[in-house]
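Single-structure report; data block below.
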Amino acid sequence: MILDHFSGPRELSYNYLDIAFSPYDDYWKELRRMCVQELFSAKRVHSIQPIKEEEVKKLIESVAESASQGSTVNLSEKFLALTVSVICKAAFGLSFHGTVLNNNSFDKLFREAFLFLGSFSASDFFPSGGWIVDRLTGLQERRERSVRDLDAFYEQMFDLHKQENKDGVEDFVDLLLRLEKEETILGNGKLTRNHIKAILMNVLLGAISTSAITMTWAMSELTRNPRAMKKVQSEIKNQIGNKSMITLDDIEQLHYLKMVIKETWRLHPPAPLLVPREVMSEFEINGYMIQPKTLLYVNAWAIRRDPETWKDPEMFLPERFMDNNIDAKGQNFELLPFGSGRRICPGMYMGTTMVEFGLANMLFQFDWKLPEDMVVKDMDMEESHGLTVGMKNDLLLVPVKYREH
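So the sequence shown is numbered by the UniProt record's numbering: it starts at 1 and just counts up by one.
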């Protein structure tokens, strides 16, 4: 079942839908509480700000070198590398960007995992015999290989944590391994190694790609809309002044930047179908009786381009958020970049601050132009496919450094 219209779901009882679609047992509650406390709370996000600043400085230095040579920068790769480094250092205590595992780079490993997680297979529609088709097409074999590679990555990470002496400083992986050793009970059972791998997969795949995708789409839309680019850069220059780098506190003053990000989420939701929900109890919607075990897909892409909700929905207009209270916290169904309800993304604050901080500093430090002999109409805005949807082809721009510190 797919919900693709904004007004229909909103007319229903929000609490009723949340209960019907969102299993929330003791195991899940304990797990969510632990993840929020250790990774995603405002206190934790502020505590890892030095990591963000260090990685953004490296990004600025790398882009500045390209600017001095007048060469093109692959912003898709740069933003991905930034988020990989920040999340891995913050959550895992290690950096895996560029690491080779079973002849695959770490970056390729998690990109393929996202592709397979978001793909549809014959067995999804024909449970009794669809697996045969998946075997014949090679899809099942590729999925199994991806799972094996991910498992090898986790085991390598566990080994590194056992070897390193971090002077008693415990990161998230150390915490999970300690809880496993202590046979800690979560919900109705002990925390096992497989539980830990599943938790880390959620953190890894849920946190890295979405932030990089949003920053890339934002830069592509700003490049296509010079008026918006000029406006957001003017705001940043006026607010930040002669500082060498934007801080987290400075972001609160950048109101137009926040509108740009909201409009990017509206036009280019990183997860266009959100995360599928499984119906837990029978209920009725728009005259249809929905049975338990039905998979529900929320078509956020269609909702955010609904002409009944948005004026000129295909246009990039950050100003549309100037005179309304629509935010991304899950209460406004017109805009749900992090989902809603009890299963809303726990990393919402971390993801938002990562996008704001990375994007603001790239706009603060550099002007951006298209490669030589290329004009706006030549930009390829085709979307990729998968659980998350980024640009099908990498975003290539030429940086021009306009600030000397």
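A virtual CB, placed ideally from N, CA and C, is assigned to each residue, including glycine.
Could you spell out where the alpha helix (DSSP H) holding residue i opens and where it closes?
i: Tyr349; result: Met348 to Gln365
i: Lys262; result: His255 to Leu267
i: Ile208; result: Arg193 to Arg224
i: Leu175; result: Phe172 to Lys181
i: Leu75; result: Leu75 to Ile87
i: Pro50; result: Gln49 to Gln69
i: Lys29; result: Asp26 to Cys35
i: Glu248; result: Contrary to the premise, residue 248 reads as Leu rather than Glu in this sequence. It spans Leu248 to Ile251 - the alpha helix (DSSP H) in which Leu248 sits, taken as one unbroken run.
i: Ala122; result: Ala122 to Phe125
Keeping to the same chain, check which residues put their C-beta closer than 7 Å to that of residue i; ignore five residues upstream and five downstream.
i: Asn74; result: Asp394 and Leu396
i: Val86; result: Ile51, Lys52, Glu55 and Met354
i: Leu254; result: Glu235, Ile236, Gln239 and Ala360
i: Tyr349; result: Phe40, Ala42 and Val45
i: Trp301; result: Pro269 and Pro272
i: Asn332; result: Ile326
i: Ala64; result: Lys401
i: Glu112; result: Ser146
i: Lys231; result: Tyr256
So residue i and residue j are in contact, right, with Cβ under 8 Å, and what is the actual spacing, rounded?
i: Leu267; j: Phe338; result: Incorrect: roughly 16 Å between the Cβ atoms, too far for contact.
i: Glu235; j: Tyr256; result: 5 Å
i: Gln239; j: Asp250; result: 7 Å
i: Thr214; j: Thr264; result: 6 Å
i: Asp373; j: Val400; result: Going by Cβ atoms, the distance from Asp373 to Val400 rounds to 17 Å, so no, they are not a contact pair.
i: Pro346; j: Val36; result: 5 Å
i: Leu200; j: Tyr154; result: 6 Å
i: Phe364; j: Ile246; result: 5 Å
Enumerate in chain order the residues of its own chain whose CB-to-CB distance from residue i is below 8 Å, with the five nearest sequence positions on each side excluded.
i: Trp310; result: Arg266, Arg304, Arg320 and Glu334
i: Thr192; result: Glu180
i: Pro127; result: none
i: Pro371; result: Thr72, Leu396, Leu397 and Val398
i: Ser47; result: none
i: Phe125; result: none
With a Cβ-Cβ cutoff of 8 Å, do residue i and residue j count as a contact?
i: residue 412; j: Thr353; result: Past the edges of the chain, shown from 1 to 405, lies residue 412, and the structure says nothing about it.
i: Leu175; j: Glu30; result: no
i: Gly358; j: Val56; result: yes
i: Asp171; j: Gly93; result: yes
i: Thr72; j: Val375; result: no
i: Asn324; j: Ile60; result: no
i: Glu356; j: Ile261; result: yes
i: Met381; j: Ser220; result: yes
i: Met379; j: Trp217; result: no
i: residue 490; j: Phe110; result: Any answer about residue 490 is impossible in this case: the structure gives the chain only from 1 up to 405.
i: Ser121; j: Leu136; result: no
i: Tyr288; j: Asn188; result: no
i: Thr210; j: Gly70; result: no
So residue i is in the beta strand (DSSP E); what residue range does that whole segment cover?
i: Phe338; result: Run containing Phe338: none; DSSP gives neither H nor E here.
i: residue 406; result: Past the boundaries of the shown model lies residue 406; the chain is included only from 1 to 405, so the question cannot be answered.
i: Leu396; result: Leu396 to Lys401
Suppose the cutoff is 6 Å on Cβ atoms and the five residues either side in sequence are ignored; what does the same chain contact list for residue i look like?
i: Met229; result: Leu222
i: Gly330; result: Ser340 and Ile344
i: Ala212; result: Phe79, Leu80 and Thr83
i: Leu336; result: Ala300
i: Gly129; result: none
i: Asn225; result: Phe316
i: Pro307; result: Pro313
i: Lys258; result: none
i: Ile285; result: none
i: Ala208; result: According to the sequence as given, residue 208 is Ile; it is not Ala. Excluding sequence neighbours, Ile208 sits near Thr83, Val84 and Ile87.
Any heavy atom of the ligand HEM within a distance shorter than 7 Å of the CB on residue i?
i: Asp134; result: For the ligand HEM, the structure offers nothing, since it holds no ligand at all.
In the segment 135–165, which residue ranges form an unbroken beta strand (DSSP E) of at least 3 residues, counting only runs that do not cross its ends?
-> Correct list: empty.
Every unbroken alpha helix (DSSP H) within the segment 281–334, with a cutoff of 4 residues, ordered by chain | The segment 281–334 contains these whole alpha helix (DSSP H) runs: 300–303.
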